[in-house]
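Residues 13 to 518 in my numbering are what the sequence shown lists, from first letter to last. We put the CB at the ideal spot given by N, CA and C, even for glycine.
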Amino acid sequence: MVRGRFRNEADRLIAAVRELNIRWARRALSLWRGDRPATNPEDIYDGFEQILTRDTIFQTSEIRDADARTRIRHGLIDHYLQRKLMPHETEMQAWSRGAAAHVDGEKIYFGEVIPWCQKSSTLAQRQKLQQETGPLCKLLKPFAVNYWHVLLDNLTEELGFDNYIDYCSAKKGIDYHRLYRLAGQLLDQTHDFYKDAMEAWSRDRFDLPLENLSRFDAIYLLSLSQWDRLCPIASPEETLIFFQRWNMDLSGYPGLHLDIRPAAGKSAQAITVMVTIPDEVYILMRPEGGWIDVETLWHELGHGLSAVYTDPVLSAVSRELATAFNLSETYAFFLQRMALSKPVLTSVMGLPETTVETIGYYRQLKDLSVFRRYAAKFRCEYEMFANGNIEDGRPYADAMARHTGFYHQPESHLFDLVPEFYCADYLLGWLGEAVLNDYCVDRFGENGCLQPDMAEWLKAALWRQGNVADIHAFFAQNGIGELTAGPLLRRWQRFSAISPPENVES
13 MVRGRFRNEA DRLIAAVREL NIRWARRALS LWRGDRPATN PEDIYDGFEQ ILTRDTIFQT
73 SEIRDADART RIRHGLIDHY LQRKLMPHET EMQAWSRGAA AHVDGEKIYF GEVIPWCQKS
133 STLAQRQKLQ QETGPLCKLL KPFAVNYWHV LLDNLTEELG FDNYIDYCSA KKGIDYHRLY
193 RLAGQLLDQT HDFYKDAMEA WSRDRFDLPL ENLSRFDAIY LLSLSQWDRL CPIASPEETL
253 IFFQRWNMDL SGYPGLHLDI RPAAGKSAQA ITVMVTIPDE VYILMRPEGG WIDVETLWHE
313 LGHGLSAVYT DPVLSAVSRE LATAFNLSET YAFFLQRMAL SKPVLTSVMG LPETTVETIG
373 YYRQLKDLSV FRRYAAKFRC EYEMFANGNI EDGRPYADAM ARHTGFYHQP ESHLFDLVPE
433 FYCADYLLGW LGEAVLNDYC VDRFGENGCL QPDMAEWLKA ALWRQGNVAD IHAFFAQNGI
493 GELTAGPLLR RWQRFSAISP PENVES
């Protein structure tokens, strides 16, 4: 991997990055559970001050293996930046923690907005929420702007990157310029039939034109809670019986820990925390009830199962130091889509054909809507960093309304921004899922997901490879097909020919 004189140094850096990753993962695990972390943020880097320096980062250029060089270097950069940003992040979190909207006598904290919109709100209350959150975002915006300026200054002045896009591309190996164009093409190609279908859903559900709805109404609609009464299970755990068909007992994997029951203080956002791969992987979610829980659990299982099936013989660099997670997102979207597929809804959940048609149609429309949201967000973020203007939220709000149909607040754009263009990882994961799904249908049949043969192929041929290759090389090397938008676009073109189910029970 490296020249002889640098081998020990590279091993030392790998060990350092892994140890710091573990410390942060354990802290995240505690926070998501609602527990008090054992380690304060400022103590995490004790003993590593001499490693997290510019000189150490630049010395990684001596590592001969290109993949190892990139992963070690950016592992160090992650912690170098985190240490620099910690005071600013702590200040922003302190102000954000108490931020809450007041709606009909109820305090809605920022971290609870999504589940509240999904399950506990009315149209009128969501309109009040929109009025309340605008001023809150304005109040918190200076802290977010400061955080981003500190980050960008460190990347360019301290670490020598030309700009933020250059940094993300160097880290993840993604051609963001090409993906920007592709996202725009897909938005254009799906625009008309998406708007027609979403307009019809808005009028059917609210008797209002789509232009009268906000992002908060989108959160409600896309949770599918309108049809929760058709969901035959009381808890998402009940769906785990499916994996017996795959000869898998999820309680029998020592590395996989499922924390998927309600608990006071637990974060509303589901997460998969990979402390070490494949030995210690946690799936955490706080169930709210209904279809959204099923999709959420299976999405996280895509991350978790692919991690615990990673071959432990692989090097630590290949197992744990990935710089991009679009392949993991491919597996996550693959299982998420499978959860509400016709074979599972019919054969596993025992639902009648009319219900399967209803859930299937609106799940497809939801997927298209969320894809368009992430495609639009990625393009907005790309333009924002390309232009060097991160403070103006108006272009974001206009573009998001144009592409999703739902009003977005200009004041909230920095709070909707996910670091390192993670929207692009979602987009690549979506493309990968469609390619993988077509391959599986061709190889195992329309009901292949019910067969243990497909599961064995996933486990033994794909998941075991961990993060050895990037997503493009992975698909090519495994004969799955080229990672293109063709399968996804054809799926949505087929959907565009389908009419909404009539006489929907809701």
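Using the Cα positions of Lys354 and Trp310, report the straight-line distance between them to the nearest angstrom.
15 Å
Give the straight-line distance between the Cα atoms of Tyr188 and Gln421, rounded to the nearest whole angstrom.
26 Å
What residue from Leu440, Glu395, Gly372, Ala409 has the CA that sits closest to Arg506's CA?
Gly372
Determine whether the beta carbon atoms of Leu377 and Ala509 lie at a separation below 9 Å.
no
Please go through the same chain and pick out, in chain order, the residues whose beta-carbon is closer than 7 Å to the beta-carbon of Pro99, but skip the five residues on each side of it.
none
Compute the beta-carbon to beta-carbon distance between Leu64 and Leu88, rounded to the nearest angstrom, for a pair I have assumed lies under 8 Å.
7 Å
Report yes if the C-beta distance between Met361 and Ile272 is below 9 Å; otherwise report no.
no
With H, G and I counted as helix, E and B as strand and the rest as coil, what does DSSP make of Met286?
Residue state for Met286 is assigned as strand, using DSSP reduced to three classes.
For Arg257, which residues in the same chain have their Cβ closer than 7 Å to its Cβ, ignoring the five residues on either side in sequence?
Closer than 7 Å at Cβ, skipping near neighbours: Leu462, Pro464.
Keeping to the same chain, check which residues put their C-beta closer than 8 Å to that of Gly46; ignore five residues upstream and five downstream.
Result list for Gly46: Ala275, Ala276, Gly277, Lys278, Ser279, in chain order.
If you follow the beta strand (DSSP E) that Pro119 is in, where does it begin and where does it stop?
A quick correction: the sequence has Lys, not Pro, at residue 119. Going by DSSP, Lys119 is part of the beta strand (DSSP E) stretching over 118 to 121.
If I follow the unbroken beta strand (DSSP E) through Tyr294, where does it start and stop?
292 to 296
Does Ser518 come out as helix, strand or coil in the three-state DSSP assignment?
Any answer about Ser518 is weak, because its pLDDT of 43 lies below 50 and its placement is not dependable; what the coordinates show is given next. In the structure shown, Ser518 sits in coil (DSSP, three-state: anything other than H, G, I, E or B).
Using a 10 Å radius around the Cβ and a threshold of 16 neighbouring Cβ atoms, would you call Glu445 buried or exposed?
buried
To the nearest angstrom, how far is it from the Cα of Val287 to the Cα of Leu32?
For Val287 and Leu32, the distance between alpha carbons rounds to 10 Å.
Looking at C-alpha atoms only, which residue of Ala111, Asp55, Leu167, Tyr57 is the closest neighbour of Arg66?
Leu167
Pull the bridge partners of Val115 from the DSSP assignment, please.
Glu118
Look up Tyr192 in the DSSP assignment and say whether it is helix, strand or coil.
helix
Tell me whether Ser247 sits in a helix, a strand or coil according to DSSP, three-state version.
coil
Using 10 angstroms around the beta-carbon of Ser511, count the other beta-carbons present and answer buried if the total reaches 16, otherwise exposed.
exposed
Are the beta-carbon atoms belonging to Gly316 and Leu252 less than 9 Å from one another?
no
What did DSSP end up calling Met13 once you bin it into helix, strand or coil?
With a pLDDT of 41 at Met13, under the threshold of 50, the modelled position of this residue cannot be trusted; read the value that follows with caution. Coil, per DSSP.
Curious, which full-length alpha helix (DSSP H) runs of at least 4 residues does the segment 25 to 80 contain?
66 to 71
Let me confirm a value: Arg502 is counted as buried when at least 16 other C-beta atoms fall within 10 Å, else exposed. Which label applies?
exposed
Please list the terminal residues of the continuous alpha helix (DSSP H) segment that includes Leu443.
434 to 456
Hey, would you say Ala37 sits closer than 9 Å to Val285, going by beta carbons?
yes
Would you be able to state if there are at least three C-beta pairs under 8 Å between the segment 41 to 59 and the segment 103 to 114?
no
Could you compute how far the alpha carbon of Pro499 sits from the alpha carbon of Asn449?
9 Å
Our contact map puts Arg138 next to Tyr232 with C-beta atoms below 8 Å; I'd like the distance itself, whole angstroms only.
7 Å
If I measure Cβ to Cβ from Thr308 and keep anything under 6 Å in the same chain, skipping five residues before and after, which residues do I get?
Ala282, Met297
So what does DSSP say about Tyr206, is it helix, strand or coil?
helix
Does the Cβ of Arg227 lie closer than 8 Å to at least one heavy atom of the ligand ATP?
With respect to small molecules bound, the structure shown includes none, and the ligand ATP cannot be examined in it.
Per DSSP, which residues does Asp271 bridge with? Please list them.
Leu296
Mind the definition here: the segment 212 to 229 touches the segment 117 to 137 only if three or more C-beta pairs lie below 8 Å; say whether that holds.
yes
Output yes or no for whether 9 Å exceeds the beta carbon distance between Thr342 and Gly457.
no
Please look up how many angstroms separate the CB atoms of Trp160 and Asp240, rounded, as I've assumed it's under 8 Å.
38 Å between Cβ atoms; not a contact.
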